[in-house]
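A short worksheet on the structure shown next.
2 protein chains.
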Amino acid sequence: MEFRDLVMQRYATKRFDGRAVPEETVQAILDLARFAPSALNLQPWRIRVVTAPAQKEQLLGASWNQRQITSCSHLLVCCANRDLDAVVARLERALVEAAAPEPMRQAVVGMAQGLAQSLSAEGALAWAQGQVQLLVANLLLAAQAHGVASCPMSGFDAAAYSRILELPASLVPTMLVPLGYPADTPAPKLRYALDELLV
Amino acid sequence: MEFRDLVMQRYATKRFDGRAVPEETVQAILDLARFAPSALNLQPWRIRVVTAPAQKEQLLGASWNQRQITSCSHLLVCCANRDLDAVVARLERALVEAAAPEPMRQAVVGMAQGLAQSLSAEGALAWAQGQVQLLVANLLLAAQAHGVASCPMSGFDAAAYSRILELPASLVPTMLVPLGYPADTPAPKLRYALDELLV
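As you go down the protein sequences, you meet chains A and B in turn.
Start counting the first sequence at 15; every next residue gets the next number (the numbering used here).
Start counting the second sequence at 15; every next residue gets the next number (the numbering used here).
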């Protein structure tokens with residue numbers, strides 16, 4: 015499928031029909047999302063996959079009762095990792111393991127440490143949450159490429175999600191991406207004209 | 015081209031060969047990027063396209079002398095719009111013009127106003143900057159789909175960019191996306207394994 019068709023066919027699905035997406039399809043979507051870009055390749059994100067109906071019911075109340083949560087097949091809870099020191103240390107280990115050239119490794123790790131030190135705790139979280147959007151954008155298109163509908167959602171109670179899913183304190187639920195098959199039809203896409211995008 | 019190939023072929027190009035990307039190709043890339051998703055469809059972003067060599071030279075010094083700035087064909091300066099009241103008012107006008115159903119319009123505008131009111135000035139900027147990442151992710155893939163290389167860049171002096179490009183105070187340069195044809199070759203992609211992505 016042409017990339018343009020992917021972009022135009024993707025839409026924020028409000029109702030799913032409850033059918034299960036095959037596990038291998040979800041794995042393929044997640045595997046593609048792994049290759050999203052991130053600043054300095056820091057990949058400051060993790061995903062919790064929720065499929066159990068009882069857990070979705072618990073999360074529904076923490077999601078303004080938006081029915082995507084319970085009607086989807088797989089609910090991807092995309093989390094920002096705000097522990098930038100750990101994020102940088104992990105990248106350094108990975109570069110060592112991959113036998114990356116020493117000067118490149120030192121340069122990247124040095125810039126990453128500089129970034130981490132320049133940010134307040136709040137700034138670090140905002141930064142990591144911005145990076146999660148890069149992951150989500152790839153996820154949405156990867157799902158569409160596999161014939162799976164999705165809906166990016168930011169309206170939910172992140173603290174309640176952390177509690178219900180027993181997530182580590184370093185991870186902050188940032189975006190939800192329910193996956194499934196649509197039980198609605200898309201409205202026409204409303205976007206500003208190109209001359210309004212440009213400045 | 016398959017979406018997987020797009021994702022795997024895209025890389026952060028560090029050196030461009032200076033050849034110009036045809037204007038109609040850049041327009042097609044920008045036109046695709048328009049359809050990036052955003053929360054409540056608020057599209058809180060604008061892009062300045064820089065092609066003049068003298069202006070690129072001026073920006074180089076505000077970009078840690080990273081040579082993508084001057085060797086690229088088109089430099090896209092992706093800006094966050096931090097004036098959320100204006101962003102919400104613009105969406106409301108667009109929904110009226112598009113004759114969107116009244117209950118949907120009221121619901122969307124109500125949620126958008128709630129969002130804008132819930133955020134501090136700093137929070138509004140961080141939010142809009144997060145949304146810009148969704149635009150950038152689409153831009154990078156749209157470029158690749160058109161055979162054009164790119165490089166997402168966040169390391170630059172945003173205030174200097176605003177000054178040099180005489181941008182309105184509401185717009186904050188957030189990500190640079192130089193476009194062109196590569197004069198380097200990609201390193202192997204280093205990404206964490208799927209079980210490290212999941213939590």
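Ideal placement from N, C-alpha and C gives every residue a C-beta, glycine not left out.
Being a predicted model, the structure only gives us computed values, none of them experimental.
- Assigned with DSSP and collapsed to three states, A/L204 falls in coil, not helix or strand.
- The beta-carbon separation of A/L90 and A/L20, rounded to 18 Å, does not stay under the 8 Å limit for a contact.
- Within the DSSP bridge table, the entry for A/N152 names no partner.
- Under a 10 Å Cβ-count criterion, A/P202 is classified as exposed, with fewer than 16 other Cβ atoms of the shown protein chains found around its own Cβ.
- Sequence-distant partners of A/L155 (beyond 5 residues in either direction) whose C-beta falls short of 6 Å from its own C-beta, in its chain, are L20.
- The three-state reading of DSSP puts A/N95 in strand, counting E and B together.
- A/C93 is a Cβ neighbour of A/W59, given a cutoff of 8 Å.
- Out of A/M15, A/Q57, A/T84 and A/V64, the CA that lies nearest to the CA of A/E71 is found in A/T84.
- Interface residue (Cβ-Cβ distance to chain A less than 8 Å): B/A121 is not classified as such.
- For B/P58, the secondary structure class from DSSP, reduced to helix, strand or coil, is coil.
- Take the alpha-carbon of A/P182 and the one of A/S176: they are about 8 Å apart.
- Legend: CB atoms of the region 49-73 of chain A lying less than 8 Å from CB atoms of chain B belong to residues F49, A50, P51, A53, N55, Q57, W59, R60, I61, R62 and V63.
- For A/P166, the nearest beta carbon of chain B is closer than 8 Å to its own beta carbon.
- Take A/L153, set aside five residues on each side of it, and the residues of its chain with a beta-carbon closer than 6 Å to its own are A47 and V191, in chain order.
- One finds M15, F17, L20, L46, L155, A156, Q158, A159 and H160 in chain A with Cβ atoms closer than 9 Å to the Cβ of B/F17, taken in chain order.
- In the DSSP assignment, B/L193 falls within the beta strand (DSSP E) that extends over L185 to G194.
- The distance from the Cβ of A/L56 to that of A/V101 is about 5 Å, consistent with a contact at the 8 Å cut-off.
- Excluding the 5 residues flanking it on each side, B/M167 has same chain C-beta neighbours closer than 6 Å at L190, in chain order.
- For B/S164, DSSP records a beta bridge to B/A26 and B/L193.
- Judged by DSSP in its simplified three-state form, A/L74 adopts helix.
- DSSP, read as helix, strand or coil, puts B/L46 in helix.
- At a cut-off of 8 Å between C-beta atoms, A/L89 does not count as an interface residue with respect to chain B.
- Taking 8 Å as the cut-off, the Cβ atoms of A/F30 and A/A197 count as close.
- Residues of chain A with a Cβ closer than 8 Å to the Cβ of B/C93 are, in chain order, V213.
- Within the DSSP bridge table, the entry for A/L212 names B/I61 as partners.
- The Cβ atoms of A/L129 and B/D45 lie no closer than 8 Å to each other.
- A/L208 reaches chain B at Q41, L44, D45 and R48, counting residues in chain order whose Cβ is nearer than 9 Å.
- Shown here, A/L179 sits in a helix according to DSSP, grouped into three states.
- Using a Cβ-Cβ cut-off of 8 Å, A/N79 does not count as an interface residue toward chain B, since no Cβ of chain B sits closer than that to its own.
- B/C165 and B/T65 do not touch by the CB rule: their CB atoms are close to 16 Å apart, not below 8 Å.
- B/V186 is the residue among B/V186, B/R205, B/R81 and B/P200 whose C-alpha sits nearest the C-alpha of B/A140.
- DSSP, reduced to helix, strand and coil, places B/L133 outside both helices and strands of the structure shown, so it counts as coil.
- Beyond the five residues adjoining it in sequence on each side, A/Q127 comes within less than 7 Å, by CB distance, of V102 in the same chain, given in chain order.
- Bridge partners of B/L89 according to DSSP: B/V64 and B/P192.
- DSSP, read as helix, strand or coil, puts B/V35 in coil.
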